[in-house]
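Numbering (full-length UniProt numbering), first residue to last: 1 to 193.
This is how it looks when you write it as structure tokens:
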């Protein structure tokens with residue numbers, strides 16, 4: 001017994017069929033050959049090198065979008081198959097009913113929210129960007145003392161600290177004569193700490 005009413009099921013099936021038609025139209029209009037290697041020019045001699053980089057980026061982006069759309073097309077086909085079998089609207093892992101609200105937003109989904117999260121984790125997908133694991137949280141105190149004791153380089157002395165590891169100037173090119181190493185190139189300012 002399905003938890004969806006007949007009208008809900010028809011609404012979701014219409015949404016799936018409409019999205020399937022839109023995707024088919026996309027692939028019919030642009031086709032597989034739309035991303036061929038040909039740029040229409042015989043030589044790239046007169047093009048700026050950045051033009052080639054831009055074209056490569058755009059082609060890569062278009063290929064990724066097409067892969068995503070092909071995956072979506074497959075998911076829609078599977079969802080329509082589940083409607084025919086009478087198993088649509090239930091999680092394929094646990095068999096629990098997927099709420100109509102979730103199906104209304106993503107009619108092709110095959111997982112309840114719990115198993116969708118687990119599936120994403122198994123595939124190495126995360127809902128948060130990887131970079132967030134590297135970001136230093138702000139200090140507990142938003143004043144100057146909090147920033148000084150936060151361990152971050154957001155103060156005026158940050159450049160001096162980083163410059164000790166070197167910069168684009170070499171000792172041979174230093175403004176001061178007879179500079180033998182990077183340490184002797186540092187300004188003679190007092191250390192604020």
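C-beta atoms are modelled at their ideal positions from N, C-alpha and C, and glycine is treated no differently.
- Query: In whole angstroms, what separates the C-alpha of residue 193 from that of residue 48?
  - Reply: Caution applies to residue 193, whose pLDDT of 49 falls short of 50 and renders its modelled position unreliable; the value that the coordinates give is listed next. Cα to Cα, residue 193 sits roughly 50 Å from residue 48.
- Task: Taking only the alpha-carbon atoms, compute the straight-line gap between residue 13 and residue 50 and give it to the nearest angstrom.
- Result: 46 Å
- Query: Contact between the segment 120 to 132 and the segment 103 to 110: three or more CB pairs below 8 Å?
  - Reply: no
- Message: Does any residue of chain C have a CB that is nearer than 8 Å to the CB of residue 116?
- Response: Looking at the structure shown, chain C is missing, and only one protein chain is on hand.
- Message: Given a cut-off of 8 Å on the beta-carbon distance, is the pair residue 96 and residue 112 in contact?
- Response: yes
- Please name the residue, chosen from 55, 21, 162 and 3, that lies closest to residue 77 on a Cα-to-Cα basis. 21
- Query: If you draw a straight line from the alpha carbon of residue 99 to that of residue 46, how long is it in whole angstroms?
  - Reply: 58 Å
- C-beta atoms of residue 194 and residue 23 nearer than 8 Å: Any answer about residue 194 is impossible in this case: the structure gives the chain only from 1 up to 193.
- Task: With a 10 Å radius around its C-beta and 16 neighbouring C-beta atoms as the bar for buried, classify residue 89 as buried or exposed.
- Result: buried
- Under the three-state DSSP convention, the category residue 104 falls into: helix
- Message: So, with DSSP's three-state summary, where would you put residue 193?
- Response: With a pLDDT of only 49 at residue 193, under 50, the local geometry of the prediction cannot be trusted, and no value is derived from it.
- Query: DSSP three-state call for residue 90: helix, strand or coil?
  - Reply: strand
- Query: Nearest to residue 70 by alpha carbon, out of 10, 19, 2 and 159?
  - Reply: 19
- Item | From 110, 66 and 121, residue whose alpha carbon lies closest to that of residue 75 | 110
- Message: Need the endpoints of the alpha helix (DSSP H) that residue 20 sits in, please.
- Response: 6 to 30
- Message: Tell me which residues share the same chain as residue 93 and place their Cβ nearer than 6 Å to its Cβ, disregarding the 5 neighbours each side in the sequence.
- Response: 115
- Query: Cβ atoms of residue 2 and residue 86: under 8 Å apart, would you say?
  - Reply: yes
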